Each structure stands twice: as structure tokens, then as C-alpha cells.
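Peer 1: Take this structure, written in C-alpha cells, and hold onto it; I'll ask about it next.
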Amino acid sequence: MKDNLIDKANKLFTPALIFHTDIIVKRARRIYIEPNDGKKYMDFSSGLATTNMGHCPLNFLIYP
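The opening residue of the sequence shown carries number 9 in my numbering; numbering runs sequentially from there.
What follows is the structure in C-alpha cells.
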């Protein structure tokens, strides 16, 4: 399944996006990325589709 999703992504996404790993992300929260393997990684990536504020930062999710 993992290889199938990666092949599909390579066909659909613009070549301007560069993928440095073949991690399939299950969840992204604040600065962390959690793939299906149960590990937790800090997201140091930045580029064309940047998330400079992190993934779902609480101060953007809480409304006055």
C-alpha cells in the first residue's frame, strides 16, 4: 500500500515539490509529524508549500 500511495503522489504532485523521504504522514500537529510506524518526528522541512506556523497551531484554532 505504501508504494502504491507514493507512486500515485509522484504522478499527481507538481515536480516543484521535492520529497526527501518516503514517509506517509498519519497525523501532523504543531511541529511534529507522525507516520504510521508509531515514531514521532520534528518537521524541519520548508519549501514551496511551507507551514511556517506549524501544523494546526492552537492560537489559530482558538477563536475569541
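Note that CB positions come from ideal geometry on N, CA and C, so glycine has one too. Here the structure is a predicted model, which is why all the values come from computation and not from measurement.
1. Counting only beta-carbon separations shorter than 8 Å, does I14 have a partner in chain D?
2. Are L13 and I31 close, meaning C-beta to C-beta below 8 Å?
3. Starting from A36, follow the beta strand (DSSP E) in both directions and report where the run begins and ends.
4. Which residues in the same chain have their Cβ closer than 8 Å to the Cβ of Y49, if we skip the five residues on either side of it in sequence?
Peer 2: In terms of the structure at hand:
1. Looking at the structure shown, chain D is missing, and only one protein chain is on hand.
2. Position 5 of the sequence shown, counting from 1, holds the residue named residue 13. Position 23 of the sequence shown, counting from 1, holds the residue named residue 31. No, Cβ-Cβ distance for L13 and I31 is not below 8 Å.
3. Translated into the one-based positions of the sequence shown, residue 36 becomes position 28. 33-37 is the extent of the beta strand (DSSP E) around A36.
4. Residue numbering aside, residue 49 sits at position 41 when the sequence shown is read from its first letter. So the list reads I31, Y40, I41, E42, P43, once near-sequence residues are dropped.
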